[in-house]
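As C-alpha cells, the structure follows; a few thoughts come after it.
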Amino acid sequence: MSYERAHIRKMHGYVPGKQPTDPTAIKLNTNENPYPPSPAVMDALRAVSPEELRKYPSPFADGVRAVLAELHGLAVDQVMVVNGGDELLRLVITTFVEPGQSIGVLDPSYSLYPVLAQLHGSPVVPIPLADDWSVPDDAGARLDDAHAPLTFLVNPHAPSGTLVPIDRVRALATALPGVLVVDEAYVDFVDPALGHDVVALVKAMPNVIVLRTLSKGYSLAGLRCGYALGARELIAPMLTKTRDSYNVDAVAQRVAIAALTDQEYARETWRKVREERARLRETLRGLGLESPPSQSNFLLVRVPGGPTAAAKLHAGLEEKGVLVRYFSSDVRLADKLRITIGTPEQNRRLLDGLRDLLGAGAA
Ligand SMILES: *Cc1c(COP(=O)(O)O)cnc(C)c1O
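Each residue of the sequence shown is one higher than the one before, counting from 1074 in the working numbering.
Dropping the structure here:
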C-alpha cells in the first residue's frame, strides 16, 4: 500500500552526481567552480550576527535584488532571488503551466526538466537538437504546434557546452507560443570576446525569463542561491504568489551580496577556467577524445569505441579517484563523458588517469 499520488509513485527522481566523502577525490562530475569563493564571502559569513538569525530575513531579498538590478542594468522588479536555480525551474512550471499542458525541452539537456514536468503531471515535448547541438530552425513552429506554454533552453548548452547565439535565442522566443526560460547557469564562463549578452532580450521580450545561479560562476553551489531576470509581468506572480515566503535565508542573502559585489574575484576564476578549458580540450583531442567547442566549464568528450568503452573509462577513472559524469541512458550521450574543468593540478590528475587507461601511458 502506497500513500503517494499515482504519478509520483510511477516516476523516478532526479539523480544527482556523486558527492564523494573522500577529500582526495578529483571531483569533475558536477560542474562546480574549482576555485574557492571570494574572501569577501568568508568575511560576510563571519559577520552574521545572532540577531540576523533570530529574525526572519528580508522577504523579497531586496538587498540582493538591488545589487543584481545594478549589475545587469535592470529595474528591481525585473529581478527575483531564489533558493538555488532549481527552485526557479519549479516555480516557472507552477506559475505558467496548467497541469497536463506540455512543456517544451530542447533535447538532450538538463535532466531535471523532465523530472519537474512529471511532478506537475505535464508531458514533455522533446525537440531534438541537431548533430552539432544547435537549435533546429523549426523548433519554434513545433513548440507552437504543441501549444507548449513553457519551454526550457539551456544556454550555454548542457551537457555539450556549446553556445546558441543571442539572435537565435531571440528568434526562438519570437516563434514560441508561451514563455521561454533561458537557463544561463553556465553563462559566466562564456568568452567575453563573443559579446554574448541576454539582458537586451529580457528588456525587449515579454516572454523571456533568464535563470542565473551563484552555484557555478561564484563558487557557491553549497549556498543555494540563484536568480531570475525577466519582464515585470513574468516576475510579479512568482514573487508575490507562487514562491515560498522567505525562500532565501538571511545567510544566503548576506553572502550573495558579498559574492556579487566582488566581481573582480569571480571574473578572475572565470578567466582561469577558460584558459584551462582551451588547454584541456587540445590535450584531450590529442588522446583521441574529441569534444565540441565549449563556452561552459565542462567538456563533452566522445570516447572512441562507443558506449561500452565510455562506461569502462568512466568506471576506470572512478577507481583512480577521478569522478566525471556519464549519462548511460541517453543514446546520444552513451558514448560520451562530461568532464568539468578543474584546476591545472586536477586536470593533470585526470590526464594521467586517462593516458593510463587508454594504454598511452608511455606517450
Ligand atoms: C547548476 C544548474 C542549474 C542551477 O543550479 P542551482 O545549484 O540550483 O542554482 C540550473 N540549470 C542547469 C543546467 C545547471 O547545470
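Even for Gly, the Cβ is constructed at its ideal location relative to N, Cα and C.
| query | Can you give, in chain order, each stretch of the alpha helix (DSSP H) that sits fully within the region 1201–1240 and has at least 4 residues? | reply | 1212–1218
| request: Flag this pair as touching only if the region 1151–1161 and the region 1346–1359 have three or more C-beta atom pairs under 8 angstroms; answer yes or no. | output: no
| E1418 to R1078 span [Cα, whole Å] | Answer to the nearest angstrom: the Cα atoms are 48 angstroms apart.
| Sorry if obvious, but does the Cβ on V1183 come closer than 7 angstroms to a heavy atom of ligand 1? | The sequence given here has Tyr at residue 1183, not Val. Yes, Cβ of Y1183 sits closer than 7 angstroms to a heavy atom of ligand 1.
| request: Give the DSSP bridge partners of L1253, in chain order. | output: T1224 and V1281
| Is there contact here, the region 1400–1412 with the region 1357–1376, by at least three beta-carbon pairs under 8 angstroms? | As far as the Cβ criterion goes, the region 1400–1412 touches the region 1357–1376, which means the pair count is three or higher.
| For G1426, which residues of its own chain have a beta-carbon under 7 angstroms away from its beta-carbon, when the five flanking residues on both sides are left out? | L1390, K1393 and V1395
| query | Can you tell me the Cα-Cα spacing of S1233 and G1432, whole angstroms? | reply | Taking the straight line from one Cα to the other gives about 26 angstroms.
| task | Could you say if the region 1222–1239 and the region 1251–1269 meet the contact criterion of at least three C-beta pairs nearer than 8 angstroms? | result | yes
| task | Within its chain, find whatever has a CB closer than 8 angstroms to the CB of G1434; leave out the 5 residues flanking it on each side and keep chain order. | result | Unreliable placement is indicated for G1434, whose pLDDT of 44 sits below 50; the coordinate value is still reported in the next sentence. Cβ within range, chain order: R1428.
| field | Rounded straight-line distance, which links the Cα of L1126 to that of S1207 | value | 46 angstroms
| said: Among Y1186, R1138 and A1246, whose alpha-carbon lies nearest the alpha-carbon of A1214? | reply: It is A1246.
| query | Residues in its own chain within less than 6 angstroms of Y1186 by CB, not counting five upstream and five downstream? | reply | V1178 and F1225
| Contact test: N1104 Cβ vs ligand 1 heavy atom, cutoff 7 angstroms | It does: the Cβ of N1104 is within 7 angstroms (strictly closer) of some heavy atom of ligand 1.
| At what residues does the alpha helix (DSSP H) containing L1141 begin and finish? | Start and end: D1135 to H1145.
| query | Touch check for the region 1329–1340 and the region 1285–1304: three-plus C-beta pairs under 8 angstroms? | reply | Yes, the region 1329–1340 is in contact with the region 1285–1304.
| field | Bounding residues of the alpha helix (DSSP H) (the contiguous stretch that carries I1166) | value | DSSP places I1166 in the uninterrupted alpha helix (DSSP H) bounded by G1158 to F1169.
| field | Enclosing alpha helix (DSSP H) for K1345 [first to last residue] | value | Q1336 to G1359
| request: Could you pull out every residue in the same chain whose Cβ sits closer than 6 angstroms to the Cβ of A1436, ignoring the five residues on either side in sequence? | output: Unreliable placement is indicated for A1436, whose pLDDT of 42 sits below 50; the coordinate value is still reported in the next sentence. Cβ neighbours of A1436 beyond the five flanking positions: none.
| query | So, L1302 versus V1321, is the Cβ gap smaller than 8 angstroms? | reply | no
| message | Please state the DSSP three-state secondary structure of G1389. | response | Secondary structure of G1389 (DSSP, three-state): helix.
| task | Determine the DSSP secondary structure at F1262, reduced to helix, strand or coil. | result | helix
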